[in-house]
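Colleague:
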Amino acid sequence: MIELIDTYWLYFLLGQYPHGPLGGLALTIVLASLGLLLALPLGLLLGLARFSPLPWLRLPVTGLVFVVRGTPLLMVVFWAYFFLPSITGQKTEQFSTMLAALVLFDAAYLAEIVRAGLQALPKGQMAAARSLGMSHGQALRLILLPQALRPMLPSLVNQFVSTIKETSLGTIIGLSELSFIATAINNQVLVKPLQVYGILALSYFILCFGLARLAYALEARIK
Amino acid sequence: MPHLDFTALLHGQFRDWLLSGFLFSLQLAALTLVLALPLATGIALLRLAPSRLAKAIGFAYVEGVRSVPLLVHMLFWYFGAPEALPVALKAWLYTGNIEAISAIVALSTYTAAYMSEDIRSGLRAVPRAQFEAARALGFTFMASMRLLILPQAVRITVPPLISQTLNLWKNTSIATVIGVAELMYQAQRVESASFRGFETFAIVTGAYLCISLLITALAWLFQQRYPVRVAS
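Here's what the structure looks like:
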């Protein structure tokens, strides 16, 4: 066990970096952070569109959100793998493929959180703002969103935890994130699968459980 | 846009592959549901039990399982766990469908962790005074749970459990990583044999969506038929 960690810890944390592309735990964290960061504005826009009074905006977005939420993430990853090259005209590398899939998938989930936050507010708020002469956009920006988004903060940390777990699917398309590196190590060592995958599970546990506790503490502070 | 042709996929071998994958995914989900529900109930009861040790075990299970991606659960149960078994048992397992067994173990333990949280919050939504009143009238812990708390909690608990079933249905796709011949695995197989990627993925996405839609409709129907009703 000690020997295993001693030989492979750097590979586990960084992949082939600096002699090759970044991988391992570092890539998992970079991918999850970037994914969530890019999904936030998209999710907000989609959530607002879901809340919009205009049917030509609301209905297609509702459809999109439903389709994305009804399909497995792996299916979205395959679509990205398949579709991105035909849009951009060149072969897309695994990192961009996985990132695109994560952004779309997370945005659809965030959109529902935003919409639920907006709908949970008393109906009179929008009516009062409109009757004071504000436009729909102003009412959202100045009155509704500030109230709807604040309780979202702890659920954002939880969303980050989900995103970290989702990045593990990169293994299937050959992206060298943490799970892929662990599988590569297992293929080299061969005789210690229990230890290799045990350490892999433990690493995710430390990362995700730590963050979940942080979300819990944040929630307690807000209340 | 390339020319679309679904005919090759809707006849002969390719159709059979996709259909068998679809049925296998359904079986995986159904079997997991049957195994996960009692496990989840047990864990939820552990977390609510009066003993501190029981609480700690329940908490450790839920947090431990939820903090690790399902894909890693699959890899662990398929590649790792069999190594710890006695040789005879291992040999016997490898004569059967070890991929499917590992996938079901991973899916059941993973789904149970999420479902136990829904069951626990359903049980807690019933006012505590009812439980205390039951105990004061001489009901045991189990009897008050079975006769008073559970019947009321079921109405609160079923809708989130149905939405966990939706997650379970989508999660079966991850079993492809250990080579279980479910829908996603067959999709990859058909795609590489037919070179009809767009059509294959369109059909498979449609299949996933159909079942998702069905489960969503079920949740809606349940809430219409059995709205939450808690005596306060």
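So the sequence lines, in the order shown, correspond to chains A and B.
All residue numbers for the first sequence refer to the numbering used here, where the first residue is 107 and numbers rise by one.
All residue numbers for the second sequence refer to the numbering used here, where the first residue is 203 and numbers rise by one.
The beta carbon of each residue, even a glycine, is placed where N, CA and C say it ideally should be.
Treat the numbers as computed from the prediction; the structure is a model and nothing was measured.
(1) Which of helix, strand or coil does DSSP assign to Gly195 of chain A?
(2) At the level of alpha carbons, what is the spacing between Ser274 of chain A and Ala395 of chain B?
(3) Just the C-alpha distance for Leu133 of chain A and Leu180 of chain A, rounded to the nearest angstrom, thanks.
(4) On the DSSP bridge list, what partners appear for Gly121 of chain A?
(5) Using three-state DSSP, classify Glu384 of chain B as helix, strand or coil.
(6) How about Leu284 of chain A and Leu250 of chain A: do their beta carbons lie closer than 8 Å?
(7) Taking the alpha carbon of Leu128 of chain A as the reference point, which residue from A:Lys197, A:Glu272 and A:Phe201 has its own alpha carbon closest?
(8) Using only CA atoms, which one of A:Trp185, A:Ser282, A:Leu216 and A:Ala186 lies nearest to Arg332 of chain A?
(9) Tell me, to the nearest whole angstrom, how far the beta carbon of Ala214 of chain A is from that of Val174 of chain A; I am working on the premise that it is less than 8 Å.
(10) Quick check on this structure: which residue in B:Val430, B:Leu423, B:Arg431 and B:Ala389 has the alpha carbon closest to the alpha carbon of Leu211 of chain B?
(11) Just the chain B side, please: which residues come within less than 7 Å of Tyr215 of chain A by C-beta, in chain order?
(12) Measure the alpha-carbon distance for Trp358 of chain B versus Ile219 of chain A and round it to whole angstroms.
(13) Jot down the residue ranges of each uninterrupted alpha helix (DSSP H) in the segment 210–269 of chain B, minimum 4 residues, whole runs only, in chain order.
(14) Closer than 8 Å by beta-carbon distance: list the chain B residues that pair up with Thr289 of chain A, in chain order.
(15) Is the shortest distance between the beta-carbon of Gly304 of chain A and the beta-carbons of chain B less than 8 Å?
(16) Here's the rule: buried if 16 or more other CB atoms are within 10 angstroms of the residue's CB, otherwise exposed. What is Ala331 of chain B?
(17) In the DSSP assignment, find the alpha helix (DSSP H) that holds Asp320 of chain B and state where it starts and stops.
(18) Nearest-angstrom Cα distance between Ser365 of chain B and Ala421 of chain B?
(19) Examine chain B for any beta-carbon lying closer than 8 Å to the beta-carbon of Ala307 of chain A, and answer yes or no.
(20) Can you find the residues in the same chain that come closer than 6 Å, C-beta to C-beta, to Asn264 of chain A, ignoring five residues on each side of it along the sequence?
(21) What residues in the segment 308–319 of chain A have a beta carbon less than 7 Å from any beta carbon of chain D?
(22) State the Cα-Cα distance for the pair Leu277 of chain B and Asn292 of chain A, rounded to the nearest angstrom.
(23) Under 8 Å by Cβ, that's how I've got Ala355 of chain B and Ala242 of chain B pegged, so tell me the actual separation to the nearest angstrom.
(24) Have a look at A:Leu224, A:Leu259 and A:Leu255 and flag the residue whose alpha-carbon is nearest the alpha-carbon of His242 of chain A.
(25) Pick out whichever of B:Arg427, B:Phe424, B:Arg431 and B:Ser414 has its Cα sitting closest to the Cα of Ala231 of chain B.
(26) Check whether the segment 372–382 of chain B and the segment 292–303 of chain B touch, using three or more Cβ-Cβ pairs below 8 Å as the test.
(27) Throw me the rounded Cβ distance for the Cys314 of chain A and Ser269 of chain B pair, which I believe falls under 8 Å.
(28) Determine the contact status of Leu411 of chain B and Phe224 of chain B, defining contact as a CB-CB distance below 8 Å.
(29) Our contact map puts Phe397 of chain B next to Pro299 of chain A with C-beta atoms below 8 Å; I'd like the distance itself, whole angstroms only.
(30) Is the distance from the Cβ of Phe333 of chain B to the Cβ of Leu206 of chain B below 8 Å?
(31) Would you mind listing the alpha helix (DSSP H) stretches within the segment 209–252 of chain A that are 4+ residues and don't spill past its ends, in chain order?
(32) Quick one: which chain A residues come within Cβ less than 9 Å of Ala286 of chain B?
(33) Could you check the C-alpha separation between Glu109 of chain A and Val406 of chain B for me, to the nearest Å?
(34) For Phe468 of chain B, which residues of its own chain have a beta-carbon under 8 Å away from its beta-carbon, when the five flanking residues on both sides are left out?
Modeller: The relevant details are as follows:
(1) DSSP places Gly195 of chain A in coil when its eight states are reduced to three.
(2) Taking the straight line joining both Cα atoms gives about 26 Å.
(3) Cα to Cα, the separation comes out at about 19 Å.
(4) Paired residue(s): A:Leu128.
(5) Reduced to three states, the DSSP call for Glu384 of chain B is coil.
(6) The answer is no: Cβ separation not under 8 Å.
(7) Minimum Cα distance to Leu128 of chain A is reached at A:Phe201.
(8) Residue coverage of chain A in this structure runs from 107 to 329, which leaves residue 332 of chain A outside it and unanswerable.
(9) Ala214 of chain A to Val174 of chain A, Cβ: 4 Å. Contact.
(10) Put simply, of B:Val430, B:Leu423, B:Arg431 and B:Ala389 the residue whose alpha carbon is nearest the alpha carbon of Leu211 of chain B is B:Ala389.
(11) Those within 7 Å of Tyr215 of chain A in chain B number zero; the least Cβ separation is about 11 Å.
(12) Per the sequence shown, the amino acid found at residue 358 of chain B is Ile instead of Trp. Cα to Cα, the separation comes out at about 21 Å.
(13) The qualifying runs are 214–250 and 254–268.
(14) From the beta-carbon of Thr289 of chain A, the residues of chain B found nearer than 8 Å are Leu277.
(15) Gly304 of chain A has a beta carbon lying within less than 8 Å of a beta carbon in chain B.
(16) For Ala331 of chain B, the number of other beta carbons within 10 angstroms of its own is below 16, and it is reported as exposed.
(17) Where Asp320 of chain B is concerned, the enclosing alpha helix (DSSP H) stretches over Ile300 to Ala327.
(18) When rounded, the distance between both Cα atoms is 7 Å.
(19) Yes, because at least one Cβ of chain B sits closer than 8 Å to the Cβ of Ala307 of chain A.
(20) These residues qualify, in order along the chain: Ala321.
(21) Absence of chain D from the displayed structure is noted, the protein chains being A and B.
(22) Between Leu277 of chain B and Asn292 of chain A, the C-alpha separation is close to 11 Å.
(23) Contact flag wrong, Cβ pair sits at about 13 Å.
(24) The residue from A:Leu224, A:Leu259 and A:Leu255 with its alpha-carbon nearest to that of His242 of chain A is A:Leu224.
(25) Comparing Cα-Cα distances from Ala231 of chain B to each of B:Arg427, B:Phe424, B:Arg431 and B:Ser414, the minimum goes to B:Ser414.
(26) Touching, yes.
(27) 4 Å between Cβ atoms; contact.
(28) In this structure, Phe224 of chain B does not lie closer than 8 Å to Leu411 of chain B by Cβ.
(29) Going by Cβ atoms, the distance from Phe397 of chain B to Pro299 of chain A rounds to 35 Å, so no, they are not a contact pair.
(30) With respect to the 8 Å criterion, Phe333 of chain B and Leu206 of chain B are not classified as neighbours on the basis of their beta carbons.
(31) Within the segment 209–252 of chain A, the complete alpha helix (DSSP H) runs of at least 4 residues are 229–237.
(32) Residues of chain A whose Cβ lies closer than 9 Å to the Cβ of Ala286 of chain B are, in chain order, Leu300.
(33) Cα to Cα, Glu109 of chain A sits roughly 45 Å from Val406 of chain B.
(34) The structure shown has nothing for residue 468 of chain B, since chain B only spans 203 to 434.
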